[in-house]
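In the working numbering, the protein residues as written are 272 to 416.
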């Protein structure tokens, strides 16, 4: 009986440390990642414009490159249409006004009206601009089968 209580106590400590161990910068960065995820699903032009840096370099796993205007147009026109995006295995690293985020992106798509699924690795580079984290670069890559 004592063992389950100890295990529960240790689980609570670890969970609390993970939830509350983030710095203000990390929390702000994670909010920017979540804002990006939601903007990509909604295709909201204003939200996409707000999160993307003016000099955005956005690389797809196919090797296709988009600047900020093409990135926004693709998502708002339905050419690239995410119905859902789930992020896993996420890691972050902040160094001054630059941050990297790596994760696995899984989701459902409806690109140009054609249903599909996606599972790719993604490296995001954010830059702090006027007090906000802006997506400066993105490189997606195919994961091994």
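Just so it is clear, CB atoms sit at the ideal spot from N, CA and C, and this is done for glycine as well.
Values in this document were obtained by computation on a predicted structure and should not be read as measured data.
Less than 8 Å between the beta carbons of residue i and residue j, yes or no?
i	j	result
residue 409	residue 393	yes
residue 404	residue 370	yes
residue 391	residue 355	no
residue 407	residue 303	no
residue 363	residue 300	yes
residue 374	residue 359	yes
residue 339	residue 325	yes
residue 412	residue 332	yes
Suppose you measure from the CA of residue i to the CA of residue j; what does that come to, to the nearest Å?
i	j	result
residue 357	residue 381	15 Å
residue 315	residue 353	12 Å
residue 323	residue 385	26 Å
residue 318	residue 310	6 Å
residue 383	residue 308	19 Å
residue 414	residue 387	16 Å
residue 395	residue 294	19 Å
residue 399	residue 292	21 Å
Leaving out five residues before and five after residue i in sequence, what residues of the same chain have Cβ atoms less than 7 Å from its Cβ?
i	result
residue 345	337 and 351
Tell me the DSSP bridge mates of residue i?
i	result
residue 377	357 and 390
residue 385	382
residue 395	372 and 409
residue 366	369
residue 336	330
Where do the N-terminal and C-terminal ends of the alpha helix (DSSP H) with residue i fall, by residue?
i	result
residue 306	295–313
residue 319	316–322
residue 348	339–348
Looking at the secondary structure, which residues open and close the beta strand (DSSP E) in which residue i lies?
i	result
residue 406	403–413
In its own chain, which residues sit with a C-beta less than 8 Å from the C-beta of residue i, not counting the 5 before and 5 after it?
i	result
residue 402	none
Less than 8 Å between CB atoms is the rule here; does residue i satisfy it with respect to chain C?
i	result
residue 310	Checking the listed chains, one finds no chain C in this structure; it contains a single protein chain.
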